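Enquirer: Each residue of the sequence shown is one higher than the one before, starting from 4 at the first, in our numbering. Handing you this structure, nothing more for now.
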Amino acid sequence: MAMEVQVPVDPLLQGRILVVDLIRPDFWRPVGISIASLLVYAPWDPGIPALVHDFWACVSALCASAPHSWALLGDCNLTLSSSESLARAEPNHLKRDAYLACLHAADGYDVWQTQLDADARTSYTCRSYTGHGQSIIDRLAVSRRGTLTATCLVPRDFIPATDHRPVLARIALSVPTHLAGHSPHLASSYSPPPYPPRFRYPKKTDTAKFQAFAQRVDDAVAGERLADQPVTDDASFTRRYLALTRILRSCGADTFDLPQTPPPRPQRPTTPHIRAILLEIHHINQLIAALRQGYLQRLVGRHAWVTPYLRGFQAQPGAPPSWHPDHSSLCLSYLTSLRRTLQRLRYRAERSELERRATRSSRARVDAVLMGGLEQAPLCPDGIKAQTINYFTELFRRAPRAPSLKPWLDTPSVRSIRSRVADHPFSWPQILTLQDLRFLLRKGNPRPAPGPDLWEKWCVRTLSDSSLSLVLDLVNYDITTSTFPECVKPTLLSTIFKRGPRTDLTNYRGITCSNLLKNLPFAWLNHLLSPYLTAQQILPQTQIATQPGVQARDLTSFLSQVEVFSHRHKRPLYLLAP
């Protein structure tokens with residue numbers, strides 16, 4: 004819910020500031036944890052010192068009026084240190100002093116100043132169209148009250164039609180004073196998957212596992228006497244189905260391997276500053292290799308970054324000229340010492356980055372603190388799952404349609420098909436035999452994704468005749484009764500992101516995986532319908548994709564040959580499409 008309120012502001016702020024109160028809802032009280040977000044576009048060079056001072060004074064008054072915490076973001080058109088700009092001109096101390104006075108009066112601080120990567124060479128937020136001037140003028144400032152931690156970084160996303168780069172800010176808020184009496188419960192950020200992992204298909208050297216699995220299933224089936232319990236109704240179907248599911252899962256876990264989570268590899272921290280140091284180390288390694296292998300002159304003519312290193316060596320006291328016999332050895336010593344210094348700087352930068360990350364709480368734990376110990380968050384996994392299920396259930400629901408006229412059903416071709424079908428009707432249901440079931444298990448994808456019951460197709464295919472006959476009874480029950488019991492109806496829904504915002508379910512495509520016992524009757528029906536449709540000439544011959552033994556590339560190849568013939572003999576041909 005959003006509410007717009009017109010608030011009178013000073014004329015100095017007209018068109019230069021947008022104030023939005025963002026409220027993080029909680030369940031303890033009707034109000035939530037709020038933060039006043041001020042989006043500013045500061046004057047660049049008004050030429051009047053009092054105008055800059057008055058502008059930041061008005062901003063400071065708005066920040067101070069925030070009930071809990073505030074955050075200031077936007078183009079402030081100023082830098083606070085020499086490393087934040089590559090311009091040779093002196094920074095404007097008037098704008099810097101007015102900005103710092105604003106933060107001091109509102110009890111806030113600049114986030115860029117608390118980080119060690121505020122360098123215009125790597126983390127610039129604005130660069131001129133000529134590509135020379137780079138600076139950090141897009142600032143982020145937060146209040147000390149109500150803010151746990153705040154960080155910002157510059158992602159590498161390209162934004163067209165502007166000379167600015169986006170700034171990504173992360174702000175962790177503290178609990179307001181009216182919620183301070185509650186003791187928060189820090190929930191775990193990891194939730195185990197609802198389904199166990201799939202079995203790994205054995206390698207060619209482990210084919211003996213198939214026989215071991217089939218033998219274990221035979222022993223378990225014989226121990227529970229499943230063959231003595233016939234399938235006559237849904238209740239008996241469910242009992243045998245659940246028993247087979249338990250046996251297949253337990254015997255598979257004893258026979259086949261499960262995917263193992265690889266041990267976590269510690270990754271070195273990286274920042275723009277660390278990446279710049281690594282680049283310098285890489286350049287020095289190339290120079291050392293060129294000196295040792297004797298191709299330094301080729302490297303000088305190929306790369307422009309080589310010359311500054313050589314000039315730095317020549318600037319050293321006592322450095323010999325390039326023709327001196329000790330030039331290579333002394334230059335190699337200089338580069339080695341420089342690389343050792345850069346390695347120390349890299350170690351210090353990585354340690355500082357690790358310390359900074361250690362002091363920053365994880366997002367899930369901060370959310371748990373903000374909700375005050377609640378078990379269910381507004382965007383908890385169960386809530387997201389329920390919303391996704393409701394959306395795709397409504398999307399896949401069969402909508403009733405009003406009856407409409409279908410004149411094409413009275414055409415001569417359809418009437419001839421109707422007469423042939425009446426003389427030779429399709430016979431259904433047709434009971435599966437054990438050989439037919441093995442044929443269906445060998446056909447198609449050998450290792451498809453299983454349904455919720457985790458029946459692997461390749462596991463069922465390896466069963467012996469006695470155990471597979473129990474599965475055959477379940478499939479024939481579905482075919483003869485033309486119904487599926489409730490135990491086999493659940494499906495797995497997998498979502499694939501397409502485009503657009505990831506929080507909008509309309510940007511996802513849903514793929515469902517049904518249970519094996521639900522897919523086998525349809526596979527049997529399709530197998531029987533294919534020759535029947537061909538024999539009764541129900542599908543026209545021009546429908547290439549549905550003809551047995553014919554593929555669409557055959558027609559494409561024929562048309563390509565006709566085109567080559569026409570081009571070679573310079574004879575125009577005309578193709579009439581039906």
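Just so you know, even glycine gets a beta-carbon here, dropped at the ideal spot from N, CA and C. All values derive from a computational prediction rather than experimental measurement.
(1) Please state the DSSP three-state secondary structure of residue 457.
(2) Please give me, in chain order, every unbroken run of the beta strand (DSSP E) with length at least 3 that falls completely inside the stretch 449-503.
(3) Under three-state DSSP, which class holds residue 20?
(4) Mapping DSSP to helix, strand and coil, what is residue 562?
(5) How long is the line joining the alpha carbons of residue 327 and residue 140, rounded to whole angstroms?
(6) Jot down the residue ranges of each uninterrupted beta strand (DSSP E) in the stretch 99-155, minimum 3 residues, whole runs only, in chain order.
(7) Is the CB-CB distance between residue 75 and residue 62 below 9 Å?
(8) If I measure Cβ to Cβ from residue 433 and keep anything under 7 Å in the same chain, skipping five residues before and after, which residues do I get?
(9) Can you give me the Cβ contacts of residue 81 inside the same chain, cut-off strictly under 8 Å, excluding the 5 residues immediately before and after it?
(10) Determine the burial state of residue 481: buried for a count of at least 16 other Cβ atoms within 10 Å of its Cβ, exposed for fewer.
(11) In whole angstroms, give me the CA-to-CA distance for residue 57 and residue 153.
(12) Determine which residues share a DSSP beta bridge with residue 426 and list them.
(13) DSSP three-state label for residue 414, please.
(14) Report the three-state DSSP secondary structure of residue 420 (helix, strand or coil).
(15) So, helix, strand or coil for residue 69, using DSSP?
(16) Could you give the uninterrupted runs of the alpha helix (DSSP H) lying entirely in the stretch 255-342, keeping only those of 4 residues or more?
(17) Using DSSP's beta-bridge definition, name the partner residues of residue 78.
(18) Which term fits residue 32, buried or exposed, when burial requires 16 or more other beta carbons within 10 angstroms of its beta carbon?
(19) What is the rounded straight-line gap between the Cα of residue 245 and the Cα of residue 462?
(20) Keeping to the same chain, check which residues put their C-beta closer than 8 Å to that of residue 240; ignore five residues upstream and five downstream.
(21) Just tell me which of 201, 278, 281 and 450 has its CA closest to the CA of residue 252.
(22) Provide the residue(s) that pair with residue 175 in DSSP beta bridges, ordered along the chain.
(23) Got a sec? Which residues, its chain only, sit under 7 Å from residue 221 by beta carbon, not counting five neighbours each side?
(24) On a Cα-Cα basis, can you pick out the residue from 317, 279 and 416 that is closest to residue 348?
(25) Across the stretch 408-419 and the stretch 512-529, are there enough close Cβ pairs to call them in contact, namely three or more that are closer than 8 Å?
(26) Residues in the same chain with beta-carbon distance under 6 Å from residue 109, minus the five sequence neighbours each way, listed in chain order, please.
(27) For residue 447, does the three-state DSSP call read helix, strand or coil?
(28) Classify residue 204 as helix, strand or coil using the three-state DSSP reduction.
(29) Could you check what DSSP says for residue 394 in three-state terms: helix, strand or coil?
(30) Where does residue 36 fall in DSSP's three states?
(31) Take residue 520 as the anchor and find which of 247, 545, 309 and 537 has the nearest alpha-carbon.
(32) Are the beta-carbon atoms belonging to residue 172 and residue 114 less than 9 Å from one another?
(33) Is the stretch 422-442 touching the stretch 203-223, taking contact as three or more C-beta pairs under 8 Å?
(34) How far does the beta strand (DSSP E) with residue 535 in it extend, from its first residue to its last?
(35) Determine, using beta carbons only, whether residue 129 and residue 78 come nearer to each other than 9 Å.
(36) On the DSSP bridge list, what partners appear for residue 86?
Expert: Answer, in terms of the structure:
(1) Position 454 of the sequence shown holds residue 457. Three-state DSSP puts residue 457 in coil, outside helix and strand.
(2) 495-500
(3) Mapped onto the sequence shown, residue 20 falls at position 17. Under the three-state reduction of DSSP output, residue 20 falls in the strand class.
(4) Translated into positions along the sequence shown, residue 562 becomes position 559. Three-state result, residue 562: helix.
(5) Locating residue 327 in the sequence shown gives position 324, where the first residue counts as 1. Locating residue 140 in the sequence shown gives position 137, where the first residue counts as 1. Distance between the alpha carbons of residue 327 and residue 140 is about 49 Å.
(6) 111-113 and 141-146
(7) The residue labelled residue 75 in the question sits at position 72 within the sequence shown. The residue labelled residue 62 in the question sits at position 59 within the sequence shown. Yes, they are a contact pair.
(8) Translated into the one-based positions of the sequence shown, residue 433 becomes position 430. Result list for residue 433: 531, in chain order.
(9) Here residue 81 corresponds to residue number 78 of the sequence shown, with the count starting at 1. Result list for residue 81: 45, 94, 95, 98, 99, 102, 140 and 142, in chain order.
(10) By 1-based counting over the sequence shown, the position of residue 481 is 478. It counts as buried.
(11) Locating residue 57 in the sequence shown gives position 54, counting from the first residue. Locating residue 153 in the sequence shown gives position 150, counting from the first residue. Going from the Cα of residue 57 to the Cα of residue 153 covers about 27 Å.
(12) Translated into the one-based positions of the sequence shown, residue 426 becomes position 423. Answer is none; residue 426 lacks a bridge partner.
(13) Your numbering for residue 414 matches position 411 in the sequence shown. Looking at residue 414 - three-state DSSP - the assignment turns out to be coil, as it is neither helix nor strand.
(14) For this step, residue 420 is matched to residue 417 along the sequence shown. Residue 420: helix per DSSP, three-state reduction.
(15) As a first step, residue 69 must be located in the sequence shown, where it is residue number 66. Coil.
(16) 275-296, 299-305 and 309-317
(17) Your numbering for residue 78 matches position 75 in the sequence shown. Partner(s): 44 and 141.
(18) In the sequence shown, the residue the question calls residue 32 occupies position 29. Because the pLDDT at residue 32 is just 49, under 50, the model does not fix this residue reliably, and the value given afterwards should be weighed accordingly. That one is exposed.
(19) Working through the sequence shown from its first residue, we reach residue 245 at position 242. Working through the sequence shown from its first residue, we reach residue 462 at position 459. Roughly 16 Å separates the two Cα atoms.
(20) As a first step, residue 240 must be located in the sequence shown, where it is residue number 237. Within the same chain, residue 240 has close Cβ partners 234, 477, 480, 488 and 490.
(21) Numbered from its first residue, the sequence shown carries residue 252 at position 249. If we check each option's Cα against that of residue 252, 201 comes out closest.
(22) As a first step, residue 175 is located in the sequence shown; it is residue number 172 there, counting from the start. Beta-bridge analysis with DSSP links residue 175 to 152.
(23) Numbered from its first residue, the sequence shown carries residue 221 at position 218. Once the five neighbours on either side are set aside, the close Cβ partners of residue 221 are 467, 469 and 470.
(24) Here residue 348 is taken as the residue at index 345 of the sequence shown, counted from 1. Selected option, being the one with the closest Cα: 279.
(25) no
(26) Along the sequence shown, one-based indexing puts residue 109 at 106. So the qualifying residues of the chain are 63, 66 and 67.
(27) Sequence index remark: in the sequence shown, residue 447 carries index 444 (1-based). Coil at residue 447, not helix or strand.
(28) The count along the sequence shown starts at 1 and reaches residue 204 at position 201. Coil at residue 204, not helix or strand.
(29) For this step, residue 394 is matched to residue 391 along the sequence shown. In the structure shown, the three-state DSSP call for residue 394 is helix.
(30) Within the sequence shown, numbered from 1, the residue matching residue 36 stands at position 33. It is a strand residue.
(31) In the sequence shown, the residue the question calls residue 520 occupies position 517. The option with the nearest alpha carbon to residue 520 is 247.
(32) Here the question's residue 172 lines up with position 169 in the sequence shown. Here the question's residue 114 lines up with position 111 in the sequence shown. A contact, by the Cβ cut-off of 9 Å.
(33) Judged by pairs of C-beta atoms under 8 Å, the stretch 422-442 does not touch the stretch 203-223, as fewer than three such pairs exist.
(34) Reading the sequence shown from its first residue, position 532 is the one you call residue 535. From DSSP, residue 535 is part of no beta strand (DSSP E) but of the alpha helix (DSSP H) over 519-538.
(35) Your numbering for residue 129 matches position 126 in the sequence shown. Your numbering for residue 78 matches position 75 in the sequence shown. A contact, by the Cβ cut-off of 9 Å.
(36) Translated into positions along the sequence shown, residue 86 becomes position 83. Paired residue(s): none; residue 86 is not in a bridge.
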